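> Once you've had a glance at the structure underneath, I'll fire off some questions.
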Amino acid sequence: MMQSVSVAKRKSNRAMTLGCKPNAETVVRLLNEALAREVICILRYKRHYFMTAGVSARHVKVKFLQYVAEEQAHADHLAERIVQLGGKPDLSQERLLNRSHAEHVEGDSLAEMITADLVHERISIDSYRAMIASIGNDDPTTRQVLERILAQEEAHVENLTTLLKA
């Protein structure tokens, strides 16, 4: 039997699931860190899209553009959840790199770019797994958002690994 999730309105009129027990400020901080990673990832994939040239690399270029769109969707979902929890998406340019928990490596060759992407995707996967474990069952809505993003990040790693071997 499927259990429905009730929505309650708090004093500030923010949508929160009734089972949302963790400190909203902590969850918002974690979501803002994830948002920073996604924004950096968008920029990296966008650069790689433009830097990839040649007929033989056309399929890789298409993948990079696909990942730009998917990472943008991740960022949008995170920002929406931050607002739902009463927070503000922090897109401060000065703090983006600090909060992303990853060094920004661009790479020059196609192999270097794909390798950098793999490293960053694996860091994201570890971070999402830790966030999901931290939230547990206390905030099912945030957990579902993070699990959907995690599944796509894992697919990115599989695809990038295949591209690197090609």
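Under the numbering used here, the first residue of the sequence shown carries the number 39, and numbering increases by one thereafter. Using N, Cα and C, we set each Cβ at its ideal position, and we do this for glycine too. Note that the structure is a prediction, hence the values are computed from the model and not measured.
Does DSSP put Thr199 in a helix, a strand or coil?
The residue you call residue 199 lines up with position 161 of the sequence shown. Correct three-state label for Thr199: helix.
> Anyone know if the C-beta pair for Glu191 and Ile163 falls short of 8 Å?
Counting from 1 along the sequence shown, the entry for residue 191 is found at position 153. Counting from 1 along the sequence shown, the entry for residue 163 is found at position 125. Cβ atoms of Glu191 and Ile163: closer than 8 Å.
> Give me the residue from Ser147, Ile161 and Lys99 with the minimum Cα distance to Glu76.
Taking the first residue of the sequence shown as 1, we reach residue 76 at position 38. Out of Ser147, Ile161 and Lys99, Ile161 has the C-alpha closest to the C-alpha of Glu76.
> Pairing CB atoms from the stretch 100-112 with CB atoms from the stretch 120-132, are three or more of them under 8 Å?
With the cut-off at 8 Å, the stretch 100-112 and the stretch 120-132 do not touch.
> So, with DSSP's three-state summary, where would you put Ser147?
Position 109 of the sequence shown, counting from 1, holds the residue named residue 147. Ser147 falls in the coil class under three-state DSSP.
> When you compare the CB positions of Leu156 and Leu188, do they come within less than 8 Å of one another, or not?
In the sequence shown, the residue the question calls residue 156 occupies position 118. In the sequence shown, the residue the question calls residue 188 occupies position 150. Going by C-beta atoms, Leu156 is not nearer than 8 Å to Leu188.
> Just confirm the distance between the C-beta atoms of Ala113 and Leu73, as a whole number of angstroms; I'd bet it's less than 8 Å.
If you number the sequence shown from 1, residue 113 lands on position 75. If you number the sequence shown from 1, residue 73 lands on position 35. Yes, they are in contact, since the Cβ atoms of Ala113 and Leu73 sit about 6 Å apart, within 8 Å.
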